[in-house]
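Peer 1: Quick note, the sequences are listed as chains A and B, same order. Going by full-length UniProt numbering, the first residue of the first sequence is number 1, and it counts up by one from there. Going by full-length UniProt numbering, the first residue of the second sequence is number 1, and it counts up by one from there. Virtual Cβ for every residue (Gly too), placed ideally from N, Cα, C.
Number of protein chains: 2
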Amino acid sequence: MNLPDTLSALLGPDAVLQGPGATVAYTEDWRGRFREEAACVVLPRTAAQVADVVRLCSAQRVPVLPQGGNTSLSGGSVPSATGQRPVIIGLSRMRKILNVDTANNSMEVEAGCVLQTVQEAAIAANRLYPVSLGAEGSSQIGGTIATNAGGTSVLRYGNTRDNVLGLEVVLPDGTLWDGRYALRKNNTGYDLKHLFIGAEGTLGIITSAVLKLHPLPTAYAVAWLGVDSPETVLNILALFQESCSAQMSAYEMINAQQLDNVLQHMPGRRNPLTGKHPWHVLIELSDTGSAEALDTRLQQVLEQAMAREWVRDAVIAANHAQRATLWELRHSVSEANKKEGVGLTTDCAVPVSKVAEFIARATAAVHKIVPDMPVAVVAHMGDGNAHFIPFFSFDQWDAVADKTAMAHHVRHVVNEVSHELGGTFSAEHGIGQTLIGEMAHYKPAAELQLMHAVKRAIDPHGLFNPGRVLPPE
Amino acid sequence: MNLPDTLSALLGPDAVLQGPGATVAYTEDWRGRFREEAACVVLPRTAAQVADVVRLCSAQRVPVLPQGGNTSLSGGSVPSATGQRPVIIGLSRMRKILNVDTANNSMEVEAGCVLQTVQEAAIAANRLYPVSLGAEGSSQIGGTIATNAGGTSVLRYGNTRDNVLGLEVVLPDGTLWDGRYALRKNNTGYDLKHLFIGAEGTLGIITSAVLKLHPLPTAYAVAWLGVDSPETVLNILALFQESCSAQMSAYEMINAQQLDNVLQHMPGRRNPLTGKHPWHVLIELSDTGSAEALDTRLQQVLEQAMAREWVRDAVIAANHAQRATLWELRHSVSEANKKEGVGLTTDCAVPVSKVAEFIARATAAVHKIVPDMPVAVVAHMGDGNAHFIPFFSFDQWDAVADKTAMAHHVRHVVNEVSHELGGTFSAEHGIGQTLIGEMAHYKPAAELQLMHAVKRAIDPHGLFNPGRVLPPE
Chain A
1 MNLPDTLSAL LGPDAVLQGP GATVAYTEDW RGRFREEAAC VVLPRTAAQV
51 ADVVRLCSAQ RVPVLPQGGN TSLSGGSVPS ATGQRPVIIG LSRMRKILNV
101 DTANNSMEVE AGCVLQTVQE AAIAANRLYP VSLGAEGSSQ IGGTIATNAG
151 GTSVLRYGNT RDNVLGLEVV LPDGTLWDGR YALRKNNTGY DLKHLFIGAE
201 GTLGIITSAV LKLHPLPTAY AVAWLGVDSP ETVLNILALF QESCSAQMSA
251 YEMINAQQLD NVLQHMPGRR NPLTGKHPWH VLIELSDTGS AEALDTRLQQ
301 VLEQAMAREW VRDAVIAANH AQRATLWELR HSVSEANKKE GVGLTTDCAV
351 PVSKVAEFIA RATAAVHKIV PDMPVAVVAH MGDGNAHFIP FFSFDQWDAV
401 ADKTAMAHHV RHVVNEVSHE LGGTFSAEHG IGQTLIGEMA HYKPAAELQL
451 MHAVKRAIDP HGLFNPGRVL PPE
Chain B
1 MNLPDTLSAL LGPDAVLQGP GATVAYTEDW RGRFREEAAC VVLPRTAAQV
51 ADVVRLCSAQ RVPVLPQGGN TSLSGGSVPS ATGQRPVIIG LSRMRKILNV
101 DTANNSMEVE AGCVLQTVQE AAIAANRLYP VSLGAEGSSQ IGGTIATNAG
151 GTSVLRYGNT RDNVLGLEVV LPDGTLWDGR YALRKNNTGY DLKHLFIGAE
201 GTLGIITSAV LKLHPLPTAY AVAWLGVDSP ETVLNILALF QESCSAQMSA
251 YEMINAQQLD NVLQHMPGRR NPLTGKHPWH VLIELSDTGS AEALDTRLQQ
301 VLEQAMAREW VRDAVIAANH AQRATLWELR HSVSEANKKE GVGLTTDCAV
351 PVSKVAEFIA RATAAVHKIV PDMPVAVVAH MGDGNAHFIP FFSFDQWDAV
401 ADKTAMAHHV RHVVNEVSHE LGGTFSAEHG IGQTLIGEMA HYKPAAELQL
451 MHAVKRAIDP HGLFNPGRVL PPE
């Protein structure tokens, strides 16, 4: 029997999909930029089944590609063009919420749970699972852990890594490691979960996880500011951090170009302020106390910022609907940008103290390639993570002869500025298959050697997600 | 030339100590429980020198023992009785604060900086480095990172692991890895720093680190409560977490026996409450706003707890001096216990929801060995970390025939209860040389195999801190 038939016999025929028609939802990414065939797609129901599949693949030296919600922005969740066709292991049938322990502020879930389902189960228990991102309606918790997903609440609650207490993982030899610890402190040897978090499925398949929960905020206060410069945006951030850091849950910066994109292409969106401003801040406080107290605190700090002439204009949301309207502007960014033209999204993070310099120098660098090229900026400012997005109009882009080379060139000069400022070329989107070249270029040799040593130790035959994360040695 | 002389020639004679007299401060632990000789002690001044020393040791296959402030509670910082004598690399001469970036809330320091010096440098920049523990006046930051130190502020700020952004590490082959990233987000391959944090020097020597800073609280509110039971202590914790979790910075529980030990042996300490209570809570809120607002908040939540009859009696500190007096009771625990008798300290953590059950069952378990044995309990309750300390009087202990066997037996039954409740036998003290047996007993085979695979990949000759952390395969 060939491998798909063996897997069918083992898990039942409904658990194995074969042929391009049946597997296309797993072999093509959601933006339609990558599509390559798989040996087959397997949909196991238990961790033991995952282990069985992996053991069979390992014995036959067939590569394995773990897949969550297939929402990668880096081509990380679908097969590569080169190398042997992998068996895709989809986790979508493993979607049980196994346990919610409110006194321990923890929750055990299977890897295939959709992020939004996890968030809702937490809310039902009067708790918060804080990781929040655009794709939360389809991304799976296992995928968010394997990619250490970021999002808009990192400032307060950290990345996904900071919200995982324990993991169950199937290793490349089919061993099932039960590391589902639900503990806040555990100093018993190497903390192995951190190896698998952010490894993008190259070291193991996460089958379930114990997540950290937080008290559910009962009060929110949200403001939208018009500001002169990124330097001033940083001054205001520092003022808020000194005054009420424990309540800050978001501090997002958007430039005029980015707001224009949203206002122009998304029907019903309005500028919250009268007049135009070069930079905008969306700030959110949240807490478990009363809404009035929080609004007062936000207002007091804003008044201090205004007294220092750091804020040109500001509006504080008066109710839930107004808060939602302000957040909608932020959440419309990706969709608006698709309509505006070809945006070459980048994902740099620099030390927070260097964000203004990063934006200025990156702008100068891309303008050397295309003078007056518009740039949209949307930044998780509190984390130093700026999505710096140079834009081509559709017509301009059509006229570019070598599009791949141009896209790489523009992104690379931006990454170069980030690197010079001690920053990274991938803050939250990961490496996948698209940033392997930048890994080879920017990472110190000692670091790549260490990564390869770890990879060889855990996956000696190189079968888990080959061609991802690590450049060839 | 023998190795010490070669090292002397390389680093200068003042950087190499030889002979029992010169090296005793490095070969004996601070409690005087362990002492074994070293090949020599080396005191390098730079990371490059550390790398040179390691390369020489590696070439001659001589084991290396990195040492910080030598404050381990697990025999982790001094040589073992078995195996080849190691070269001790002491980091005490590498103690520069290299950089404080207030806008980025980060600080770069050499590994030999004393923890308290780091805390003070942060305060001088109007920031907080939150890790705080008994030995902070002598423990070095590199040692606190290598052991993922805990302490009293984990509830709010996490363990040491959560407060490290980047590391510089000398690997077992002498390679210097510069991973001094000062970034909040960086998804570029495996997050290697987490391998070295908590590895107790078995994978590399940390030579410098980038630490996360936090806004410096300007207001504190502290209360001392008398409570009926650990169950009720957990109810009060949940109430505070729902009401003001963002402000909670400590929630420590002490039982009557533990308070008695302090009151009896530490001159000047007084019971903050009139009358005796079986359990006590020290709760601290801190924030960047006003002290009055924080006191009000503390009082409001306490009133709710009293209305539910959860609190038998309580006192709120009225000023800084009273706060210090309450904290002094907590900080006197170790010294008082030394005078009370022979306390067999344990360091378990269980899910927070199980702490009460852990204490009840562990008490029953040790009473099966010695009926009516007194037990002191001091717990970082918000983290589920309870130091459960069964006591022998000095006379009783003198009468025990096999002291090692008795100590192991008593501790083991406590660890056994923790394990049955999903807990750990070492929450914050690490493994060192004293808990290797428990590692072998409790850790799943798959987890130990993974740890050994990682160890072999990074330290193939097993030269870094041999006999620590990992039991023999």
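1. Starting from residue 503/A and walking both ways along the beta strand (DSSP E), at which residues does that stretch end?
2. In the DSSP assignment, the beta strand (DSSP E) including proline 267/B goes from what residue to what residue?
3. Short check: CB of threonine 346/B to CB of valine 414/B, under 8 Å?
4. Kindly indicate which three-state DSSP category aspartate 459/A falls into: helix, strand or coil?
5. Taking a cut of 7 Å between CB atoms, which residues from the stretch 445-461 of chain B lie near chain A?
6. Along the beta strand (DSSP E) that carries aspartate 287/A, what are the first and last residues, could you check?
7. Just how far apart, CA to CA, sit valine 42/B and aspartate 173/B?
8. Under 7 Å Cβ to Cβ from alanine 219/A, same chain only, skipping five residues before and after it: list those, please.
9. By the 10 Å Cβ neighbour count, where 16 or more other Cβ atoms means buried, how is valine 24/A classified, buried or exposed?
10. Take valine 50/A and list the residues in its own chain whose beta-carbon comes closer than 7 Å to its own, dropping the five residues that flank it on each side.
11. Mark leucine 98/B as exposed unless 16 or more other C-beta atoms lie within 10 angstroms of its C-beta, in which case mark it buried.
12. Just the chain A side, please: which residues come within less than 7 Å of residue 524/B by C-beta, in chain order?
13. Would a check of beta-carbon distances place proline 351/B closer than 8 Å to chain A?
14. Compare the C-beta of phenylalanine 425/A against all C-beta atoms of chain B and say whether one is closer than 8 Å.
15. Have a look at Gly384/B, Asp313/B and Val131/B and flag the residue whose alpha-carbon is nearest the alpha-carbon of residue 527/B.
16. Can you find at least 3 beta carbon pairs, one from the stretch 325-340 of chain A and one from the stretch 265-275 of chain A, that sit closer than 8 Å?
17. Can you have a look at glutamate 120/A and say buried or exposed, based on whether 16 or more other CB atoms are within 10 angstroms of its CB?
18. Note the first and the last residue of the continuous beta strand (DSSP E) segment covering asparagine 159/B.
19. Would you kindly work out how many angstroms separate the C-alpha atoms of isoleucine 283/A and leucine 155/A, rounded to a whole number?
20. Check for me: the beta strand (DSSP E) holding tyrosine 220/A runs from which residue to which?
21. Out of Thr46/A, Ala122/A and Val118/A, which one is the CA nearest neighbour of serine 138/A?
22. Does glutamine 241/B have its Cβ less than 8 Å from a Cβ in chain A?
23. Buried or exposed for asparagine 105/B, going by 16 or more other Cβ atoms inside 10 Å?
24. Spell out whether any CB of chain B is found under 8 Å from the CB atom of aspartate 101/A.
25. Against serine 153/A, what residues of chain B qualify as contacts under a CB-to-CB distance less than 7 Å, listed in chain order?
26. Quick one, are the C-beta atoms of isoleucine 359/A and proline 230/A less than 8 Å apart?
27. What are the residues in the stretch 382-402 of chain A lying within 9 Å of chain B by C-beta distance?
28. Give me, in chain order, the residues of the same chain whose beta-carbon lies closer than 6 Å to that of methionine 253/B; leave out the 5 immediate sequence neighbours on both sides.
29. Specify whether the stretch 443-461 of chain A and the stretch 186-199 of chain B touch according to this definition: at least 3 beta carbon pairs, one from each stretch, less than 8 Å apart.
30. Report yes if the CB atom of methionine 439/B is closer than 8 Å to the CB atom of threonine 188/A, and no otherwise.
31. Starting from isoleucine 236/B, trace the alpha helix (DSSP H) in both directions and tell me its first and last residue.
32. Which first and last residues belong to the alpha helix (DSSP H) in which histidine 194/B is found?
33. Expressed to the nearest angstrom, what Euclidean distance is found between the alpha-carbon atoms of glycine 384/A and leucine 213/B?
34. Give me the Cα-Cα distance between arginine 297/B and serine 245/B, rounded to the nearest whole angstrom.
35. For asparagine 104/B, decide whether its Cβ has a neighbour in chain A, counting only Cβ atoms nearer than 8 Å.
36. Quick check: the stretch 335-349 of chain A against the stretch 79-93 of chain B, are there 3 or more CB pairs under 8 Å?
Peer 2: According to the data block:
1. In the structure as shown, chain A begins at 1 and stops at 473. Residue 503/A is therefore absent and cannot be evaluated.
2. Your numbering for residue 267/B matches position 267 in the second sequence. Here proline 267/B belongs to no beta strand (DSSP E), and DSSP marks it neither H nor E.
3. As a working note, residue 346/B is residue 346 in the second sequence. As a working note, residue 414/B is residue 414 in the second sequence. Yes.
4. As a first step, residue 459/A must be located in the first sequence, where it is residue number 459. Note: aspartate 459/A maps to coil in three-state DSSP.
5. Ala446, Glu447, Leu450, Met451, Ala453, Val454, Arg456, Ala457 and Ile458
6. In the first sequence, the residue the question calls residue 287/A occupies position 287. Unbroken beta strand (DSSP E) run through aspartate 287/A: 279-287.
7. Within the second sequence, the letter at position 42 stands for residue 42/B. Within the second sequence, the letter at position 173 stands for residue 173/B. Roughly 17 Å between the two C-alpha positions.
8. Counting from one through the first sequence, the residue named residue 219/A turns up at place 219. So the list reads Ser286, Asp287, Gly289, Ser290, Ala291 and Leu294, once near-sequence residues are dropped.
9. To locate residue 24/A, count along the first sequence from 1; it is residue 24. Classification for valine 24/A: exposed.
10. The residue you call residue 50/A lines up with position 50 of the first sequence. If we look at valine 50/A and ignore the five residues flanking it on each side, its Cβ neighbours are Pro44, Ile89, Val170, Ile205 and Thr207.
11. Locating residue 98/B in the second sequence gives position 98, counting from the first residue. It is exposed - the Cβ of leucine 98/B has fewer than 16 other Cβ atoms within 10 Å.
12. In the structure as shown, chain B begins at 1 and stops at 473. Residue 524/B is therefore absent and cannot be evaluated.
13. As a first step, residue 351/B is located in the second sequence; it is residue number 351 there, counting from the start. Judged by the 8 Å Cβ criterion, proline 351/B is in contact with chain A.
14. For the purposes of this step, residue 425/A is taken as the residue at position 425 of the first sequence. Yes, phenylalanine 425/A lies at the interface with chain B (some Cβ there is under 8 Å from its Cβ).
15. Because chain B here runs from 1 to 473, residue 527/B falls outside it and cannot be looked at.
16. yes
17. Here residue 120/A refers to the residue found at position 120 when the first sequence is read from its first residue. Exposed, by the Cβ-count rule.
18. Residue mapping note: residue 159/B aligns to position 159 of the second sequence, counting from 1. Counting along the chain, asparagine 159/B falls outside any beta strand (DSSP E), and DSSP gives it neither H nor E.
19. Your numbering for residue 283/A matches position 283 in the first sequence. Your numbering for residue 155/A matches position 155 in the first sequence. Rounded to whole angstroms, isoleucine 283/A to leucine 155/A spans 11 Å at the Cα level.
20. Here residue 220/A refers to the residue found at position 220 when the first sequence is read from its first residue. Unbroken beta strand (DSSP E) run through tyrosine 220/A: 219-227.
21. In the first sequence, residue 138/A corresponds to position 138, counting from 1. Of Thr46/A, Ala122/A and Val118/A, the residue nearest in Cα terms is Val118/A.
22. Residue numbering aside, residue 241/B sits at position 241 when the second sequence is read from its first letter. For glutamine 241/B, the answer is yes, since a Cβ of chain A falls inside 8 Å of its Cβ.
23. Against the second sequence, residue 105/B aligns to sequence position 105. The residue is buried, with at least 16 neighbouring Cβ atoms inside 10 Å.
24. The count along the first sequence starts at 1 and reaches residue 101/A at position 101. Yes, its Cβ sits closer than 8 Å to a Cβ of chain B.
25. For the purposes of this step, residue 153/A is taken as the residue at position 153 of the first sequence. Near serine 153/A there are no residues of chain B at all, since even the closest Cβ is about 12 Å away, more than 7 Å.
26. Taking the first residue of the first sequence as 1, we reach residue 359/A at position 359. Taking the first residue of the first sequence as 1, we reach residue 230/A at position 230. Cβ atoms of isoleucine 359/A and proline 230/A: closer than 8 Å.
27. Gly382, Asp383, Gly384 and Asn385
28. On the second sequence, residue 253/B is found 253 positions in, with the first residue counted as 1. Around methionine 253/B: Val233, Val281, Ala379 and Met381.
29. yes
30. Taking the second sequence and counting its residues from 1, one reaches residue 439/B at position 439. Taking the first sequence and counting its residues from 1, one reaches residue 188/A at position 188. In this structure, threonine 188/A lies closer than 8 Å to methionine 439/B by Cβ.
31. Here residue 236/B refers to the residue found at position 236 when the second sequence is read from its first residue. Looking at the DSSP string, the run of the alpha helix (DSSP H) that includes isoleucine 236/B is 230-244.
32. For the purposes of this step, residue 194/B is identified with residue 194 of the second sequence, where counting begins at 1. Per DSSP, histidine 194/B belongs to the alpha helix (DSSP H) from 193-196.
33. Locating residue 384/A in the first sequence gives position 384, counting from the first residue. Locating residue 213/B in the second sequence gives position 213, counting from the first residue. If you take the alpha carbons of glycine 384/A and leucine 213/B, they lie about 15 Å apart.
34. Here residue 297/B is taken as the residue at index 297 of the second sequence, counted from 1. Here residue 245/B is taken as the residue at index 245 of the second sequence, counted from 1. Going by the C-alpha atoms only, they are around 11 Å apart.
35. On the second sequence, position 104 is the one that residue 104/B refers to. Output row for asparagine 104/B: interface = yes.
36. no
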